[in-house]
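Peer 1:
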Amino acid sequence: MNTAEQHSLRDPVIEVDGLVACYGSRKILDDVSFDVRSGEIMVIMGGSGSGKSTLLRHMLALNRAVSGSIRVFGLEMGGVSSRELHQLRQRMGVSFQNGALFNSLNVEDNVIFPLREHTVLDDNTMRIMARMKLEVVNMAGFEKLMPAQLSGGMAKRTALARAIVMDPKLLFFDEPSAGLDPVVSADLDELILRLRDAMDVSIVVVTHELDSAFRIADRILVLDKGKVLIIGTVDEVKNSDNERVQNLLNRRSEDVIVDPDEYMQRLTDELIGL
Amino acid sequence: MMRPVIEKVGISAVQAIEEAGYQFSLFAESLYWLIVGPFLQQPVRLRIIVSEMMKIGVLAIPIVILLSFSNGVILALQGIATLKDFDAESQVIPGIAYSVTREFGVLIAAIVVAGRSGSAIAARIGSMQMSQEVDALRVMGIEPVRFLVAPIIVSMLIMMPVLTLFADAAAMIGGGLYTGIVLGLSLTTVLDRSFDVLVLYDVLQGIYKSLVFGLLIALVACSNGFSVTGGAEGLGRATTRSVVMSIAMIVVADMVFTYFLTR
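Note that the protein sequences, when read in sequence, are chains A and B.
All the letters of the first sequence, read from the start, carry residue numbers 1 to 274 under the numbering used here.
All the letters of the second sequence, read from the start, carry residue numbers 1 to 263 under the numbering used here.
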């Protein structure tokens with residue numbers, strides 16, 4: 001039995017059902033349904049504008065859905081009380097695209113920050129816990145640096161240390177390899193895999209990097225124009241005969257067939273309207 | 001031809017109401033966290049309030065004193081020059097005492113704070129918004145309003161009256177010194193005469209206003225900071241807007257207040 005099959009037997013950590021999201025009148029997500037099972041690494045892939053960042057924001061309860069439901073650890077995000085959300089958020093960690101470290105705090109204080117807010121541990125204990133996590137992400141020795149002094153990779157690793165300092169059961173990564181060179185990016189992928197094994201945590205990764213996705217994913221969800229194209233294991237996605245999926249995998253741009261009348265209409269439309 | 005104009009007026013009116021509503025919700029949420037927060041183990045941190053008080057209040061004291069002192073001297077100059085025609089130079093003393101405590105002390109303190117801290121707060125929250133630090137706070141289960149806005153409101157409400165008192169004192173000393181030299185009186189005599197005419201209510205008028213102005217500055221700066229979009233240019237726009245808006249609101253609110261307080 002391979003790992004993906006093992007995971008499919010476990011309980012779902014996130015269940016998304018018929019999610020619809022809009023910015024103004026523009027539909028960003030259209031009827032998106034999937035689940036993330038305990039202990040698996042789910043990679044959400046798609047090009048720019050596919051809605052993957054919006055989907056992430058919904059799973060983090062930063063945006064409200066127009067319709068459909070998202071359940072995280074069995075809690076319905078639409079009707080969650082602020083107290084439940086507060087507790088829920090202590091069980092999840094997020095590593096943002098550019099780290100989102102607090103600029104006014106040094107590396108160590110950034111990692112300690114969630115502990116300070118959520119626990120009553122004494123200062124030395126918190127420092128030791130922070131250093132343990134910094135050790136995990138290979139950032140030991142850089143405790144006193146300020147975020148502005150860090151390279152992109154270091155900032156991401158620090159953000160990761162901060163995300164895992166409360167020992168979450170659910171981790172989110174937003175574009176972990178964006179802006180990193182291939183070697184550093186591969187290191188980060190290794191780190192994600194190691195963390196999953198060491199902490200028994202479920203991981204959701206949002207990315208547009210194919211190599212990274214294939215390296216770490218148990219399952220991949222491909223989003224295209226707000227719709228789910230395919231959900232499956234790495235092999236299932238690679239061998240999919242869906243043309244759009246293959247286009248994305250082989251980095252082929254899509255030929256859009258233009259209707260000349262409609263094109264002219266579009267160009268002159270607003271001008272005539274005045 | 002009229003339609004676009006009316007449409008624009010309508011759109012900006014709706015936006016202004018929306019913004020006022022947002023500012024009120026920031027205030028209401030801050031109150032909620034100040035009162036309920038401690039029971040939910042999510043208190044508004046004293047440490048942050050103190051550091052905000054330092055930035056908003058203590059560090060502004062020198063410039064507030066300098067400006068208020070100058071303002072006092074200006075009032076004395078203008079007052080003596082005008083009252084000379086009526087042979088009533090000595091009347092400049094109550095004139096300065098009233099106008100400073102009721103009006104100019106608080107106005108100068110508020111304008112300095114709007115310029116110094118209003119812009120700084122908008123820029124800080126705005127850059128946190130841009131770099132997703134605000135989102136990071138939220139997903140860590142730390143409400144940005146509790147963590148960022150409530151301490152600013154509290155320290156504004158404490159430090160604005162304090163700065164106003166400093167401004168009152170500096171302006172009266174400035175005006176008193178100049179009046180004393182021209183009229184041949186000592187500073188203590190001038191100040192004694194000032195305090196003879198002043199009642200507590202005059203000083204309180206300034207203090208009441210300072211509370212309202214402080215709240216205005218805090219809410220305008222925070223709401224502008226949170227609504228930053230569009231990169232560095234947007235950040236600059238929000239910062240400028242926050243200063244211009246809060247000074248404009250201070251002056252207009254001052255007019256309304258003075259109408260009700262002095263009639």
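All C-beta atoms, glycine included, are put in the ideal place defined by N, C-alpha and C.
Source: prediction; values computed, not measured.
For Val36 of chain B, does the count of other Cβ atoms within 10 angstroms reach 16, so buried, or fall short, so exposed?
Peer 2: Burial call: exposed.
Peer 1: Please determine, among A:Pro12, A:Lys227 and A:Val94, the residue with the shortest C-alpha to C-alpha distance to Asp167 of chain A.
Peer 2: Of the candidates A:Pro12, A:Lys227 and A:Val94, the one whose C-alpha sits nearest the C-alpha of Asp167 of chain A is A:Val94.
Peer 1: Mind checking Gln42 of chain B: buried by the 16 CB within 10 Å criterion, or exposed?
Peer 2: By the neighbour-count rule (16 or more Cβ atoms within 10 Å), Gln42 of chain B is buried.
Peer 1: Could you please give the first and the last residue of the uninterrupted alpha helix (DSSP H) stretch that includes Ile158 of chain B?
Peer 2: Its alpha helix (DSSP H) spans residues Ala150 to Leu183.
Peer 1: Who are the neighbours of Pro114 of chain A on chain B, taking C-beta pairs under 9 Å?
Peer 2: Per Cβ cutoff of 9 Å: Met140, Gly141 and Ile142.
Peer 1: Using a Cβ-Cβ cutoff of less than 8 Å, which residues in the same chain neighbour Leu274 of chain A once the five nearest sequence positions on both sides are dropped?
Peer 2: Caution applies to Leu274 of chain A, whose pLDDT of 49 falls short of 50 and renders its modelled position unreliable; the model cannot decide the point.
Peer 1: Over what stretch of residues does the beta strand (DSSP E) that includes Arg157 of chain A continue unbroken?
Peer 2: Premise fails: Arg157 of chain A lies in the alpha helix (DSSP H), Gly152 to Ile164, not in any beta strand (DSSP E).
Peer 1: For a test of the three-state rule: what should DSSP assign to Ser38 of chain A, helix, strand or coil?
Peer 2: DSSP places Ser38 of chain A in coil when its eight states are reduced to three.
Peer 1: Taking 7 Å as the line, does the beta carbon of Ser177 of chain A fall inside it for any heavy atom of the ligand SAM?
Peer 2: The model depicted lacks the ligand SAM and carries no ligand whatsoever.
Peer 1: Taking the C-alpha atoms as reference points, what is the distance between Glu108 of chain A and Met126 of chain A?
Peer 2: Their backbone Cα atoms lie some 10 Å apart in a straight line.
Peer 1: Return yes when the Cβ of Met154 of chain A is within less than 8 Å of the Cβ of Phe173 of chain A, no when it is not.
Peer 2: No, the pair does not count as a contact, with Cβ atoms beyond the cut-off.
Peer 1: Where does Phe73 of chain A sit, in a helix, a strand or coil, going by DSSP?
Peer 2: Correct three-state label for Phe73 of chain A: coil.
Peer 1: Does the beta carbon of Gln246 of chain A sit closer than 8 Å to a beta carbon anywhere in chain B?
Peer 2: No, because no Cβ of chain B sits closer than 8 Å to the Cβ of Gln246 of chain A.
Peer 1: Cβ of Asp218 of chain A within 8 Å of Cβ of Thr233 of chain A?
Peer 2: A contact, by the Cβ cut-off of 8 Å.
Peer 1: Give the DSSP-derived three-state secondary structure of Pro168 of chain A in the structure shown.
Peer 2: In this structure, Pro168 of chain A counts as coil in the three-state DSSP scheme.
Peer 1: When DSSP labels each residue in this structure, what does Glu29 of chain B get in the three-state scheme?
Peer 2: Of the three classes helix, strand and coil, the one that applies to Glu29 of chain B here is helix, per DSSP.
Peer 1: Between the region 235-244 of chain A and the region 53-64 of chain A, do three or more beta carbon pairs fall short of 8 Å?
Peer 2: Touching, no, given that fewer than three Cβ pairs across the two stretches are closer than 8 Å.
Peer 1: According to a CB-to-CB cut-off of less than 8 Å, which residues of the region 115-130 of chain A neighbour chain B?
Peer 2: So the close ones are Glu117 and His118.
Peer 1: Whole angstroms is fine: what's the gap from Leu101 of chain A's alpha carbon to Met45 of chain A's?
Peer 2: If you take the alpha carbons of Leu101 of chain A and Met45 of chain A, they lie about 25 Å apart.
Peer 1: 8 Å is my cut-off, CB to CB: does Ala140 of chain A come that close to chain B?
Peer 2: No, its Cβ sits nowhere closer than 8 Å to a Cβ of chain B.
Peer 1: Using the Cα positions of Phe257 of chain B and Gly51 of chain A, report the straight-line distance between them to the nearest angstrom.
Peer 2: Using only the alpha carbons, I get a separation of about 50 Å.
Peer 1: Please check the pair Val149 of chain B and Arg89 of chain A, which I expect to be a contact at CB under 8 Å, by giving their CB distance rounded to whole angstroms.
Peer 2: Between Arg89 of chain A and Val149 of chain B the Cβ distance is about 19 Å, and since that is not below 8 Å, they are no contact.
Peer 1: I'd like the span of the alpha helix (DSSP H) that includes Ala110 of chain B, first residue to last.
Peer 2: Taken as a continuous stretch (DSSP letters only), the alpha helix (DSSP H) holding Ala110 of chain B covers Gly105 to Val113.
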